[in-house]
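Everything below concerns the one structure shown next.
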Amino acid sequence: MAKSLKIATCSTSPFEGQKPGTSGLRKKVKIFKQDNYTENFVQCILTAMGDKLKGSYLAVGGDGRYYVKEAVQKIIKICAANKVKKLIVAQNGIMSTPAVSCLIRKKGCDGGIILTASHNPGGETEDFGIKFNISNGGPAPDGCTNSIYKLSTEIKEYYICPELECDISKIGINDYLIENEPFRVEVVDSVDDYLLLMKEIFDFPVLKSHISGGFKLLINCMHGVTGPYAKRIFIDELGAEVNSVVNGAPLEDFGGHHPDPNLTYAADLVNAMKVGDFDLGAAFDGDGDRNMILGKKAFFVCPSDSLAVLANNLECIPYFKKSGVKGYARSMPTAGAVDRVAEVTGKKIYETPTGWKYFGNLMDAGMLSLCGEESFGTGSDHIREKDGIWAVLAWLSVLAKEKLSVEDILTKHWKKFGRNFFTRYDYENCDAEPCNNMVVELDAIMQSQTLVNKSFSSLNKSYVVSKMDNFEYTDPVDKSVASKQGIRILFDDGSRIVLRLSGTGSSGATVRLYIDSYEKDEAKIKQPAQEVLKPLINIALEITKMKEFTGRDAPTVIT
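The opening position of the sequence shown corresponds to residue 7 in this note's numbering, with each subsequent residue numbered one higher.
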């Protein structure tokens with residue numbers, strides 16, 4: 007008979023600022039490693055579950071960054087002490103965010119704890135994060151995260167089994183007695199269940215045949231969590247060449263790089279694709295939920311266009327043939343390219359705040375099949391997270407059907423629907439106070455409506471403001487309201503300027519400026535986006551007083 011382990015009650019006090027952002031709590035590693043800091047937050051997550059906590063079944067996984075393994079051990083000990091019945095834990099604690107969502111849904115878990123700071127840098131001096139996903143597999147809604155935060159301001163004690171030891175390096179079942187009550191930790195392979203789901207969604211024989219015909223892939227995992235998934239799926243299952251997957255070993259510091267799949271931080275993929283040897287290039291972020299798609303010679307697919315192209319071609323994916331297409335959705339800052347597909351295909355389109363949790367309600371209500379965000383996130387209702395590997399398989403399905411290059415598919419799409427030229431300027435790690443003041447000043451201008459009907463000119467182009475607001479969303483399912491989701495300046499030609507502060511940073515403020523302009527003239531659709539948008543960019547920088555408030559002459563990243 008196994009020894010019955012004791013539960014310890016540990017006194018603690020609140021830490022300031024344990025407020026979950028868009029996708030959980032993100033701070034520097036040194037903050038999480040403070041005595042009781044991680045323990046407090048995990049205890050608050052569990053306490054927020056209320057009556058569902060005792061006897062519950064939770065999934066645990068992380069993106070492999072520094073401190074994941076240590077945090078997993080703390081979570082196991084705290085869950086055991088809080089009367090959780092069973093944990094299903096990724097081997098070595100490493101599992102992609104989409105795979106954790108898959109696991110929660112497939113195994114019928116009551117939720118999951120994901121250890122990730124997504125696309126933020128990793129390492130001893132960099133970022134760490136913890137987020138809670140609910141039983142549908144998606145990020146906790148605002149009501150839940152607000153409850154977690156409130157508890158974090160009041161916490162006085164947490165519960166832990168200090169003697170419990172679990173070897174998460176070995177796949178298998180580990181049974182314990184916690185004050186004579188059973189507790190189980192099942193350590194699982196991180197890829198198996200996710201791979202089975204992908205095989206249910208896509209026609210793997212068709213994709214394998216397309217690749218065997220000479221189609222060449224280059225998948226850059228950026229030393230994040232997706233390496234094992236990419237190797238199993240693209241090389242072992244679909245027959246891509248062994249050198250098709252690069253930077254495939256998950257590293258605690260992501261190889262010293264910023265694991266954000268964009269043109270700046272995935273420059274090595276861009277340079278490799280420029281040579282012209284590969285037909286499709288892709289990169290993923292640290293936890294595998296974001297993706298960047300490139301065509302031959304590094305032809306860049308804007309995420310807003312990627313969503314629209316997939317929306318227009320879903321019938322080539324068996325999953326949607328079977329389930330049907332219920333509707334599309336995009337985050338508010340995302341360009342309206344998918345809206346035009348919805349109009350032509352007769353599908354409902356939803357515009358939500360930034361944050362995948364807003365899509366989950368629509369999916370659970372059977373109203374939504376495909377969704378995306380301009381921040382390199384694309385996904386469907388197969389899980390409740392964005393999904394980088396899924397997006398590449400979806401693109402492969404379109405390419406196998408169309409027998410065209412990535413660039414030709416985009417050109418064909420723009421000729422039919424017109425093109426939404428789009429760019430995003432990121433100003434990272436700015437001083438928070440002046441950035442908050444910028445938003446306050448813009449909000450005051452919005453309230454006064456002094457910009458409406460005013461004309462702005464730059465580089466011989468003029469734009470007239472038709473509307474200015476701070477985006478507010480009423481959920482069509484539960485009628486909850488999310489307000490102040492981003493300042494919008496709308497022009498009479500359909501162009502837009504959007505400004506918001508990001509909720510995914512770990513320190514300082516990240517300002518995001520979005521520029522979106524529609525063009526239906528076939529003669530102009532292939533112009534460089536930055537060239538087309540330059541007048542509107544100048545106007546946006548003028549209206550927002552970006553340089554004055556951020557102190558920056560240029561953005562950190564342009565996408």
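Quick reminder that beta carbons are idealized off the backbone N, C-alpha and C, glycines included.
1) Roughly how many whole angstroms lie between the Cα atoms of Leu376 and Gly394?
2) Which residues in the same chain as Met7 place their Cβ atom closer than 6 angstroms to its Cβ, once the five residues preceding and following it in sequence are excluded?
3) Reducing DSSP to helix, strand and coil, say where Gln97 ends up.
4) Using DSSP bridges, identify the partner residues of Phe497.
5) Among residues of its own chain, excluding the 5 on either side of Arg558, which ones have a beta-carbon nearer than 6 angstroms to its beta-carbon?
6) Do the segment 31-46 and the segment 87-107 meet, that is, are 3 or more Cβ pairs less than 8 angstroms apart?
7) May I ask which residues mark the beginning and end of the alpha helix (DSSP H) holding Cys441?
8) Is Val193 near Gln97, with beta carbons less than 8 angstroms apart?
9) Report yes if the CB atom of Gly424 is closer than 8 angstroms to the CB atom of Lys302, and no otherwise.
10) Compute the Euclidean distance between the alpha carbons of Phe2 and Gln536, then round it to the nearest angstrom.
11) Spatial neighbours of Thr480 within its chain, please: CB distance less than 7 angstroms, with the 5 preceding and 5 following residues excluded, ordered by chain position.
12) Between the segment 272-287 and the segment 395-411, can you find at least three pairs of beta-carbon atoms closer than 8 angstroms?
13) Compare the C-beta of Trp401 with all C-beta atoms of chain D and state if any pair is closer than 8 angstroms.
14) In three-state terms, what does DSSP make of Lys485?
15) When you compare each of Trp362, Arg502, Cys322 and Gly366 to Ile545 by their alpha carbons, which one comes out closest?
16) For Ser153, report the span of its alpha helix (DSSP H) as first-last.
17) Are the beta-carbon atoms of Asn46 and Ser158 separated by less than 8 angstroms?
18) Do you know whose CA, among Val504, Gly67 and Arg518, lies nearest Ile174's CA?
19) By the three-class DSSP mapping on this structure, what secondary structure does Met298 have?
20) According to DSSP, is Ala255 helix, strand or coil?
21) By Cβ distance, which residues of its chain are closer than 6 angstroms to Val307, with the 5 residues on each side in sequence left out?
22) What's the gap between the Cα of Ile543 and the Cα of Ile521?
23) Counting along the chain, where does the beta strand (DSSP E) carrying Ile217 start and finish?
24) Go ahead and pull the three-state DSSP assignment for Asn42.
25) Confirm, please, whether the CB-CB distance from Phe427 to Val470 is below 8 angstroms.
26) Going by beta-carbon coordinates alone, are Val504 and Gly492 separated by less than 8 angstroms?
27) Checking the sheet assignment: what are the DSSP bridge partners for Ser461?
28) Could you spell out where the beta strand (DSSP E) holding Ile120 opens and where it closes?
29) Where does Gly23 sit, in a helix, a strand or coil, going by DSSP?
30) To the nearest whole angstrom, what separates the beta carbons of Ser337 and Thr358, a pair I think is in contact under 8 angstroms?
31) DSSP three-state call for Met7: helix, strand or coil?
32) Identify whether Cys322 lies in helix, strand or coil by the three-state DSSP scheme.
33) Out of Val281, Ala86 and Gly30, state which residue places its alpha-carbon closest to the alpha-carbon of Pro168.
34) Could you pull the DSSP bridge partners for Gly135 from this structure?
35) Where Ser386 and Lys392 are concerned, what is the direct C-alpha to C-alpha distance, given to the nearest angstrom?
36) Round the Cβ separation of Thr151 and Pro256 to the nearest angstrom and send it over; I've been treating them as touching at under 8 angstroms.
So, to answer that:
1) 14 angstroms
2) With a pLDDT of only 49 at Met7, under the threshold of 50, the placement of this residue in the model should not be trusted; the figure read from the coordinates follows. If we look at Met7 and ignore the five residues flanking it on each side, it has no Cβ neighbours.
3) strand
4) Val471
5) Tyr433
6) no
7) Ala438 to Ser454
8) yes
9) no
10) Summary: the structure shown does not reach residue 2, with the chain confined to residues 7 through 565, and so no result is reported for it.
11) Val487
12) yes
13) The chain inventory of the structure shown lacks chain D, comprising one protein chain alone.
14) coil
15) Arg502
16) Asp148 to Ser158
17) yes
18) Gly67
19) strand
20) coil
21) Ile299
22) 7 angstroms
23) Counting along the chain, Ile217 falls outside any beta strand (DSSP E), though it belongs to the alpha helix (DSSP H) covering Phe210 to Ser218.
24) coil
25) no
26) yes
27) Val470
28) Gly117 to Leu121
29) coil
30) 6 angstroms
31) Confidence at Met7 is low in this model, with a pLDDT of 49, below 50, so its placement is unreliable and the value that follows should be read with caution. Looking at Met7 - three-state DSSP - the assignment turns out to be coil, as it is neither helix nor strand.
32) helix
33) Ala86
34) Arg32
35) 7 angstroms
36) That pair is no contact at about 27 angstroms.
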